[in-house]
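From first to last, the protein sequence lines stand for chains A and B.
Okay, so the first sequence: first residue is 1 according to the UniProt record's numbering, each after it adds one.
Okay, so the second sequence: first residue is 1 according to the UniProt record's numbering, each after it adds one.
Just so it is clear, CB atoms sit at the ideal spot from N, CA and C, and this is done for glycine as well.
Just so we're clear, the structure is a prediction, and the values are computed from it rather than from any experiment.
As structure tokens, the structure follows; a few thoughts come after it.
Protein chains: 2
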Amino acid sequence: MALTYRLATEADLIDIVGLLADDQLGATRERFQLPLPATYMEAFTIIASDQHQELTVVELDGQLVATFQLSFIHYLTYQGGIRAQIEAVRVKSSHRGQGLGTAIFQYAIQRAKDRGAHLLQLTTDKKRPEAKKFYKSLGFVDSHEGMKLHLR
Amino acid sequence: MALTYRLATEADLIDIVGLLADDQLGATRERFQLPLPATYMEAFTIIASDQHQELTVVELDGQLVATFQLSFIHYLTYQGGIRAQIEAVRVKSSHRGQGLGTAIFQYAIQRAKDRGAHLLQLTTDKKRPEAKKFYKSLGFVDSHEGMKLHLR
């Protein structure tokens, strides 16, 4: 598969939000309508101008088929180490089950190494046991609880 | 308790690294020696210059007794929402068991709300069941698995 990876641009925004909304959980959280709610563009501007964020799109034959966001968070812990965190991973529904997820994570792991991170982390909803199995197959260890406090 | 909160300065660095090292897991990860390894100062400089990071110290009677780092991560998900993440929380061993943790988390929750976050999240090691219980008492839900992939 000739997947290509690049940072998202403003021109990708509608496609990306479409991907985010095309998901069981995402459908209840997003507002995918045209014109897009302004909050998406506001968030994009902040993410794109932040050197510690990589909002990435994945293309296959010139078509946008997946997206994810990598964050590189600097801490004092681990002697001033960098943690990479991956979130908002979505593969287009028409392209699932074809190994894109594995390829994308292999890319993300390499990218995290290239940027000097000592760890790549994510949280996955316990309601998705197949996702946890997938992450374990990539070498992730489920050593932690992912605790969430919704503020609204 | 008259706790005061402020952003860490360079002058706090030795005290903070001392707190991070004064911990069962931290003892194996940190290098607390004087002069401090340069990587701590390098990380501090990056964190302090990042408007999305708040490396915070907590003082009691003018003494530094705790530290934590709040990160505000912008995503396109949740209609361009902000997630607050808390990490590297440490209370001085001489001051544990006195309710500082609860007070600090109440502050962090309010701070996350003030900055417009829709969620406050953290991961906690499954080897620390009492920590999970503590977070649950604050309203956190253990809905997710915290998956980690060490890269070194």
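Counting C-beta atoms within 10 angstroms of its own C-beta, Gly99 of chain A has fewer than 16 neighbours from the protein chains shown and is therefore classed as exposed. Using a CB distance cut-off of 7 Å, Gln33 of chain A does not count as an interface residue toward chain B. Counting along the chain, the unbroken alpha helix (DSSP H) around Ala103 of chain A starts and ends at Leu100 to Asp114.
A distance below 6 Å between beta-carbons, with the five flanking residues on each side excluded, links His52 of chain B to the following residues of its chain, in chain order: Phe72.
Taking a beta-carbon distance threshold of 7 Å, Gln121 of chain A counts as an interface residue toward chain B. Spatial neighbours of Thr123 of chain A in its own chain (CB-CB distance under 6 Å, excluding positions within 5 residues in sequence) are listed in chain order as Gly146.
Secondary structure note for Phe68 of chain A: its beta strand (DSSP E) is the uninterrupted segment Gln63 to His74. Counting along the chain, Leu19 of chain B sits inside no beta strand (DSSP E); it lies in the alpha helix (DSSP H) bounded by residues Leu13 to Ala21. Neighbours of Thr56 of chain B in chain A, taken as residues at a C-beta separation under 8 Å, are lacking, since the least C-beta distance is about 12 Å. Around the beta carbon of Leu19 of chain B, 16 or more other beta carbons sit within 10 angstroms, so the residue counts as buried. Of the candidates B:Lys126, B:Val65 and B:Glu59, B:Lys126 places its Cα closest to the Cα of Asp142 of chain A. The three-state reading of DSSP puts Arg29 of chain A in helix, counting H, G and I together. Taking 7 Å as the threshold, the shortest C-beta distance from Ala43 of chain A to chain B falls below it.
The beta-bridge partner set that DSSP reports for Val89 of chain B is empty.
Counting C-beta pairs closer than 8 Å gives fewer than three between the region 96-111 of chain B and the region 100-109 of chain A, which falls short of the contact rule. For Val89 of chain B, the CB contacts under 6 Å within the same chain, skipping 5 residues up- and downstream, are Phe68 in chain order. Residue pairing of Ile47 of chain B in beta bridges, as defined by DSSP: absent, with no partner found.
DSSP places Gln79 of chain A in the uninterrupted alpha helix (DSSP H) bounded by Thr77 to Gly80. Against Tyr135 of chain B, the close residues of chain A are Met147, in the order they occur along the chain (beta-carbon pairs closer than 7 Å). Residue nearest to Ala66 of chain B within the set B:Ala21, B:Met41 and B:Glu30 is B:Ala21 (criterion: CA-CA distance).
Leu34 of chain B and Ile86 of chain B do not touch by the CB rule: their CB atoms are close to 28 Å apart, not below 8 Å. Annotation for Lys127 of chain B: no beta strand (DSSP E) segment contains it, and DSSP assigns it neither H nor E. Per DSSP, the unbroken beta strand (DSSP E) holding Gly146 of chain A starts and ends at Val141 to His150.
For the pair Val58 of chain B and Leu3 of chain B, the CB atoms are nearer than the 7 Å cut-off.
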